[in-house]
Amino acid sequence: GAGVSQSPSNKVTEKGKDVELRCDPISGHTALYWYRQSLGQGLEFLIYFQGNSAPDKSGLPSDRFSAERTGGSVSTLTIQRTQQEDSAVYLCASSLNRRPLVRDEQYFGPGTRLTVT
Amino acid sequence: SQQGEEDPQALSIQEGENATMNCSYKTSINNLQWYRQNSGRGLVHLILIRSNEREKHSGRLRVTLDTSKKSSSLLITASRAADTASYFCATDARGGYNKLIFGAGTRLAVHP
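Written out as structure tokens, the structure is:
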């Protein structure tokens, strides 16, 4: 079956511009996560959507970052007024999470490599 | 500070040898997961081990969990060049957290 897809795969933007990154999760997965990975580093959690609950935004590094998930499916991560330190690979993952308080394995998309010049 | 920390940071072995990677964490967990990442892009889920489990197998992979020591290990037996990748442990912590917390990873190189 189809996995998690992300677009674009690569994005080069100028400092100060806004960017939108898209994630299509696996159909039927209730949970969607955004992570950021800087070169040679582990993953940094950004935001988590679970069903119709309010998202957990605790990982967003600044108010320039926002995300939404429409209709419980597709999600868009928006970075306003990009800075060079925003350059990283942005990874999206989805998870089934059928049972309350039980978090299942996450399936990752290929990521979007963002370069801010 | 990071919840999951892998050890070693880098490991270089010959094909056919076994590779062992360790992960330590700090808080109580619901489960611990191991992922593989090739070429800095998407992660592939390998194994999930829940807090009430002590050992799990999947093919050439063996994962152990010791909650008293807050540690886990990933063993890859009879390694192949295709196993070359970065391996991350990720913890699903108890206490209302909604995210996996990843360590910095172990870079494994398997030489033919």
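If you read the sequences in order, they're chains A and B. Note that my numbering has the first sequence beginning at 1276, numbered continuously upward. Note that my numbering has the second sequence beginning at 116, numbered continuously upward. Every residue, glycine too, gets a C-beta built ideally from N, C-alpha and C.
Closest Cβ-Cβ distance between GLY218 of chain B and chain A: below 7 Å?
On the second sequence, residue 218 of chain B is found 103 positions in, with the first residue counted as 1. It does; some Cβ of chain A falls within 7 Å.
Count the other C-beta atoms from every protein chain shown that fall within 10 angstroms of the C-beta of GLN129 of chain B, then say buried if there are 16 or more, exposed otherwise.
The sequence position of residue 129 of chain B within the second sequence is 14, counting from 1. The residue is exposed, with fewer than 16 neighbouring Cβ atoms inside 10 Å.
Compute the Euclidean distance between the alpha carbons of ILE1322 of chain A and ALA208 of chain B, then round it to the nearest angstrom.
By one-based count along the first sequence, residue 1322 of chain A stands at place 47. By one-based count along the second sequence, residue 208 of chain B stands at place 93. If you take the alpha carbons of ILE1322 of chain A and ALA208 of chain B, they lie about 16 Å apart.
Which residue marks the beginning of the beta strand (DSSP E) containing SER1282 of chain A, and which one marks its end?
Residue numbering aside, residue 1282 of chain A sits at position 7 when the first sequence is read from its first letter. Start and end: 1280-1282.
Compute the Euclidean distance between the alpha carbons of GLY1334 of chain A and GLU1319 of chain A, then round it to the nearest angstrom.
Counting from 1 along the first sequence, the entry for residue 1334 of chain A is found at position 59. Counting from 1 along the first sequence, the entry for residue 1319 of chain A is found at position 44. Whole-angstrom Cα-Cα distance: 8 Å.
If you follow the beta strand (DSSP E) that ASN1372 of chain A is in, where does it begin and where does it stop?
Locating residue 1372 of chain A in the first sequence gives position 97, where the first residue counts as 1. First-last for ASN1372 of chain A: undefined, no H or E at that position.
For ALA193 of chain B, which three-state DSSP category applies?
Position 78 of the second sequence, counted from the first residue, corresponds to residue 193 of chain B. Three-state DSSP puts ALA193 of chain B in coil, outside helix and strand.
Where do the ends of the beta strand (DSSP E) carrying ASN146 of chain B lie?
Translated into the one-based positions of the second sequence, residue 146 of chain B becomes position 31. That run of the beta strand (DSSP E) goes 144-152.
Tell me whether the beta-carbon of SER1313 of chain A lies closer than 7 Å to the beta-carbon of ASP1299 of chain A.
Within the first sequence, the letter at position 38 stands for residue 1313 of chain A. Within the first sequence, the letter at position 24 stands for residue 1299 of chain A. The answer is no: Cβ separation not under 7 Å.
Using a cut-off of 9 Å between C-beta atoms, extract the partners of GLY1334 of chain A located in chain B.
Here residue 1334 of chain A refers to the residue found at position 59 of the first sequence. Going along chain B in sequence order, the residues near GLY1334 of chain A (Cβ under 9 Å) are LYS214.
Give the interface partners of GLY131 of chain B over in chain A, defined as CB-CB distance under 7 Å, in chain order.
The residue labelled residue 131 of chain B in the question sits at position 16 within the second sequence. Within 7 Å Cβ-Cβ: nothing; GLY131 of chain B doesn't reach chain A, min ~28 Å.
Suppose you measure from the CA of PRO227 of chain B to the CA of ARG195 of chain B; what does that come to, to the nearest Å?
The residue given as residue 227 of chain B occupies position 112 in the second sequence. The residue given as residue 195 of chain B occupies position 80 in the second sequence. So the two alpha carbons sit approximately 8 Å from each other.
On the DSSP bridge list, what partners appear for LYS1420 of chain A?
Outside the modelled stretch of chain A, which goes from 1276 to 1392, sits residue 1420 of chain A, for which no answer is possible.
Please classify THR1392 of chain A as buried or exposed, where buried requires at least 16 neighbouring CB atoms within 10 angstroms.
What you label residue 1392 of chain A is simply residue 117 of the first sequence in a count that begins at 1. Exposed, by the Cβ-count rule.
Taking the beta strand (DSSP E) that THR135 of chain B belongs to, which residues open and close that run?
In the second sequence, counting from the first residue as 1, residue 135 of chain B sits at position 20. Looking at the DSSP string, the run of the beta strand (DSSP E) that includes THR135 of chain B is 134-139.
Are the beta-carbon atoms belonging to ARG165 of chain B and ASN146 of chain B less than 7 Å from one another?
As a first step, residue 165 of chain B must be located in the second sequence, where it is residue number 50. As a first step, residue 146 of chain B must be located in the second sequence, where it is residue number 31. Contact: yes.
Answer with yes or no whether the minimum CB distance from HIS160 of chain B to chain D is below 7 Å.
In the displayed structure, chain D is absent; the protein chains listed are A and B.
For chain B, check one thing: does any of its Cβ atoms lie closer than 7 Å to the Cβ of PHE1383 of chain A?
Looking up residue 1383 of chain A in the first sequence gives position 108. Taking Cβ atoms only, chain B reaches closer than 7 Å to PHE1383 of chain A, which makes this a yes.
State buried or exposed for ARG1344 of chain A, treating a residue as buried only when at least 16 other CB atoms are found within 10 Å of its CB.
If you number the first sequence from 1, residue 1344 of chain A lands on position 69. Burial call: buried.
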